[in-house]
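Those protein sequences? They're chains A and B, same order as listed.
Here the first sequence stands for residues 2 to 312, where the numbers follow this note's numbering.
Here the second sequence stands for residues 679 to 1142, where the numbers follow this note's numbering.
Glycine included, C-beta positions come from ideal geometry on N, C-alpha and C.
Written out below as structure tokens is the structure these notes cover.
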Amino acid sequence: MLSRTAEYLYWISRYMERAETTARLLDVGYRLSLFPSTKGYNNEWESVLASSGAIDKYKIKYDQIIQKHVEDFLFFDEDNPSSVYNCILNARNNALVVRTSFTPDSWLAINKAYQEILKFKNNKYVSSDLPNLTEWTIEQVNLFRGTISSLLRNDGYNFLFLGLFVERADNSARLLDVKYFVLLPKPEYIGGNIDNMQWSILLRSLSSFRAFRWAYNGEITATKIADFLILNDNCPRSLSFCIQNIVSHLINLKCSPPKVEKIYNSLKDLNATIQQEKIENIVEYGLHEFVSKFITKISSVDADIHREFFN
Amino acid sequence: MYQPNSKIRNHYNNISSWLENMTSKVILEKNAEAETHFRNIGITFSTNNENTRERIIPFDLIPRIFTNSEWSKLEKGVIQRAKALNAFLSDIYNQGEIVKANIIPKEIIYKKNSFEPAMVGFIPPRGIYSPIVGIDLIRTDTNSYFVLEDNCRTPSGVSYMLENREIMMRMFPDLFLMNRVTPIDNYPTRLLQTLMSLAPEKCENEEPVVVLFTPGPLNSAYYEHSFLSDQMGIEMVESTDLFVEGEFLYMKTVDGPKKVDVVYRRIDDEFLDPLCFNPQSVIGVPGIMDVYRTGGVNICSAPGSGIADDKAIYIYVPKMIEFYLGEQPILDNVETWNCENNDDLKYVVDNIANLVVKEVDGSGGYGMLIGPKSSKLEIDNFKQKLSSNPNGYIAQPLLDLSFTPTLIRNQVEGRRVDLRPFCLIGEKAQLSSGGLTRVAMSEGSFVVNSSQGGGVKDTWVLAE
């Protein structure tokens, strides 16, 4: 497989995964905007922007954080590299180049999404359409994932999934980083409504709201949520799950074992920590520090993959 | 579709009754379905226009049909022509027999830009210069076919031939049960076999490694490049994927460098190798020509193949066929006046109102004058261009291209068409069982080029 092909495949699934994350964040922001709060209505848009990592770029463009602008910015804006539109556009441009390396179905899934989002972009839309748009985005990403699951299990397949899990690990960790304080044990909040709401933001934006209920019985606690999102191997968005998948797709690569080994060695420690760690220790050590370290580690894994395989 | 006496030609009977049974609502729906399909699979071509960077070529639902006997004559004629063009290339870059025999004046060949000095004295691996030849044909009456143009460099359009068939089979499966249409989907396999058969003798890979070399996503035929590499299961490479080391060409892969044996290039000669041709080229591979000349890789088509499809050389193709193959040409040329000759120029100027005058280096239906369709002013302007640079022009009579029924705003109307079948020459010579039919979509128009709004049709060859 061409190095460039591998790189494009890797980025296609990163972009598609990111499109979903952005859409889920928008969905969460929209839900919350409908709930009353003491100051009138909730304004979670700032934290939505922060979670998507786009707040600096947003502030260059707009003075005020208001729903209409945030929606535009996160969904359609060409200046926001993580906007759903840009993610789909980039995935599509990459797919155009490497369409020979995956199935026609995968190309079709991406190109159809692109053709449709072009139409949405050209039509005027109102805020009440947002749930449809986010739902549509998630559908497109699901369709794409469905098509890549029927690929030949070759290196292209593994690069696609490496991209997917590197992006997901990064997205989950960033979300935790922005919201880590929600999970810190603060006596005054425990059991209060505000907590539940913040917790549900976290879980919903990681599409894990219902899954959490299935996985944990009894009372909902911050520790349980942290355990679920960081250490639970059964949760497909948890940091632990992502790392395990990065490792398994990495060692499944058939090309150049020395390169694989090099990256694997640098991942080993992180993998071991996350498999053996107890959530109580992480909270004690510092949730924020733990997650920050994790984000740094993931971006160095990403750099390793680029250096070893795509150059 | 019709005979001169307005009766429907037999092989169109099924189609005619099928058309009569289709309501305009169904036609509209099917048209929309075809358009959505083409957009979804991304079969678009790029234009320079910013707003419509990705355009769809209009697709007409009514197929064009050839009987088996009509086709077998075309098949023999096209293969004959493609062989002669290859023989011509081999000759002029080596012995130059045809010049010595005074059949083609040497200045017509050796002064042309498309003649490539870097190829002199070199024979490509397996001796084939242009393994994929597209011949543009027109029909004027029931049995007369003429060759309008040869394409020996990198003829495009075969992806449309294949996709047009796919969409027709998907939308109108019944039609294929009523008519026995020869399949064309083996074309990519045959193309790959042809390219593999041209691997150089130095090839060490067990199976020759073939790649398609594209200039990149901005090229107007990029869809076709990716489509063909997909169908052949080969890598589509850009210049950054390739490099030369020692005597060989390699591509960068995740396993490390991999040796390439055959390059099916869809990039012009000029840009292939900055060390040999245009030094400004950033889409070429430095050193690829050295590897080529020392037998480390084959480049298809060979650089310099373009001389064979030059409009001034076209005039001599019937003579080439006699000279190299000792056969009578099966397909006729359109009568052509070469304005380089004084006698011809005089004739053209005197009769310009009845002629089509084309630039020798022009393509895409641009820069030509259709005498009978032009105003006095346009003709006078063109005469001036002609007299200032007579070497740059040829002229042909305005041929009455055959009409084919075409759906225009839900009505069946006659529109002019041409045909480009694709001939493959490797170990053996073979013709696609179909081709690309291009159709001039506006009434009375003679211009079928897609860059000027021309459309396409599925092209059927009926089985015996």
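{"Check": "Anything in chain A within Cβ reach of ASP908 (chain B), meaning under 7 angstroms, just list it in chain order.", "Outcome": "ARG100, THR101"}
{"Check": "List the endpoints of the continuous alpha helix (DSSP H) containing GLU698 (chain B).", "Outcome": "691-698"}
{"Check": "Per DSSP, which one or two residues make a beta bridge with ARG1098 (chain B)?", "Outcome": "B:LEU1114"}
{"Check": "Checking the sheet assignment: what are the DSSP bridge partners for PRO1050 (chain B)?", "Outcome": "Answer is none; PRO1050 (chain B) lacks a bridge partner."}
{"Check": "Along the chain, which unbroken stretches of the alpha helix (DSSP H) at least 4 residues long are found entirely within the segment 815-868 of chain B?", "Outcome": "836-849, 851-856"}
{"Check": "In chain order, what residues of the segment 707-723 of chain B put their CB closer than 8 angstroms to some CB of chain A?", "Outcome": "ARG717, ASN718, ILE719, GLY720"}
{"Check": "Have a look at A:ALA7, A:LEU75, A:ASP270 and flag the residue whose alpha-carbon is nearest the alpha-carbon of ALA20 (chain A).", "Outcome": "A:LEU75"}
{"Check": "Could you pull the DSSP bridge partners for GLN1089 (chain B) from this structure?", "Outcome": "B:ILE1086"}
{"Check": "Going by DSSP in three states, ILE945 (chain B) sits in which element: helix, strand or coil?", "Outcome": "coil"}
{"Check": "According to DSSP, is GLN116 (chain A) helix, strand or coil?", "Outcome": "helix"}
{"Check": "Grouping DSSP H, G and I as helix and E and B as strand, with all else coil, what is MET874 (chain B)?", "Outcome": "helix"}
{"Check": "Check each residue of the segment 846-880 of chain B: if its Cβ is closer than 7 angstroms to any Cβ of chain A, include it; give the result in chain order.", "Outcome": "none"}
{"Check": "Of the choices B:THR820, B:MET998, B:SER834, B:GLN681, whose alpha-carbon is the least far from that of ASN780 (chain B)?", "Outcome": "B:MET998"}
{"Check": "Find the residues of chain B that neighbour LYS113 (chain A), judging by a C-beta separation of less than 7 angstroms, and give them in chain order.", "Outcome": "ASN718"}
{"Check": "Looking at LEU906 (chain B): is its Cβ nearer than 9 angstroms to the Cβ of VAL836 (chain B)?", "Outcome": "yes"}
{"Check": "Just list the residues that DSSP pairs TRP108 (chain A) with in beta bridges.", "Outcome": "Answer is none; TRP108 (chain A) lacks a bridge partner."}
{"Check": "Buried or exposed for ALA92 (chain A), going by 16 or more other Cβ atoms inside 10 Å?", "Outcome": "buried"}
{"Check": "Just to confirm before moving on: does the CB-CB distance between ASP64 (chain A) and ARG205 (chain A) stay below 9 angstroms?", "Outcome": "no"}
{"Check": "Please report how far the alpha carbon of SER808 (chain B) lies from the alpha carbon of PHE891 (chain B), in whole angstroms.", "Outcome": "16 angstroms"}
{"Check": "Between the Cα of SER151 (chain A) and those of A:SER107, A:TRP137, A:ASN133, spot the shortest distance and give me the residue it belongs to.", "Outcome": "A:SER107"}
{"Check": "Round the Cβ separation of ILE740 (chain B) and LEU1023 (chain B) to the nearest angstrom and send it over; I've been treating them as touching at under 8 angstroms.", "Outcome": "With 8 angstroms as the limit, ILE740 (chain B) and LEU1023 (chain B) do not qualify as a contact, their Cβ atoms being about 42 angstroms apart."}
{"Check": "So what's LEU152 (chain A) in DSSP terms, helix, strand or just coil?", "Outcome": "coil"}
{"Check": "Indicate whether at least one CB of chain B lies closer than 9 angstroms to the CB of SER301 (chain A).", "Outcome": "no"}
{"Check": "Would you say ARG5 (chain A) lies against chain B (beta-carbon separation less than 9 angstroms)?", "Outcome": "yes"}
{"Check": "Does the beta-carbon of SER185 (chain A) have 16 or more other beta-carbons within 10 angstroms, so that it is buried, or is it exposed?", "Outcome": "It should be noted that the sequence gives Leu, not Ser, for residue 185 (chain A). Classification for LEU185 (chain A): exposed."}
{"Check": "Using a Cβ-Cβ cut-off of 9 angstroms, state whether GLU140 (chain A) counts as contacting chain B.", "Outcome": "no"}
{"Check": "Consider the Cβ of PHE121 (chain A): report whether some Cβ of chain B lies at a distance smaller than 9 angstroms.", "Outcome": "no"}
{"Check": "Are the C-beta of GLN116 (chain A) and some C-beta of chain B separated by less than 9 angstroms?", "Outcome": "yes"}
{"Check": "Between the C-alpha atoms of LYS708 (chain B) and PRO833 (chain B), what's the straight-line distance to the nearest angstrom?", "Outcome": "30 angstroms"}
{"Check": "Let me see if you follow: with CB-CB separation under 9 angstroms, is GLU728 (chain B) close to chain A or not?", "Outcome": "Summary for GLU728 (chain B): the model assigns pLDDT 47, below 50, so the residue's position carries little reliability; its value from the coordinates is reported in the next sentence. No, because no Cβ of chain A sits closer than 9 angstroms to the Cβ of GLU728 (chain B)."}
{"Check": "Going along chain A in order, which residues have a C-beta closer than 9 angstroms to the C-beta of THR832 (chain B)?", "Outcome": "None at all; the shortest Cβ gap to chain A is about 18 angstroms."}
{"Check": "Taking only the alpha-carbon atoms, compute the straight-line gap between LYS778 (chain B) and GLY973 (chain B) and give it to the nearest angstrom.", "Outcome": "29 angstroms"}
{"Check": "Could you tell me whether any Cβ in chain B is nearer than 9 angstroms to the Cβ of MET17 (chain A)?", "Outcome": "no"}
{"Check": "Determine, for TYR900 (chain B), whether the minimum Cβ-Cβ distance to residues of chain A falls below 9 angstroms.", "Outcome": "yes"}
{"Check": "Determine the chain B residues that contact PHE166 (chain A) at a beta-carbon separation under 7 angstroms, and present them in chain order.", "Outcome": "Per Cβ cutoff of 7 angstroms: no residues; PHE166 (chain A) is ~18 angstroms from chain B at best."}
{"Check": "Rounded to whole angstroms, how far is the Cβ of PHE737 (chain B) from the Cβ of ALA760 (chain B), which I believe are closer than 8 angstroms?", "Outcome": "Going by Cβ atoms, the distance from PHE737 (chain B) to ALA760 (chain B) rounds to 28 angstroms, so no, they are not a contact pair."}
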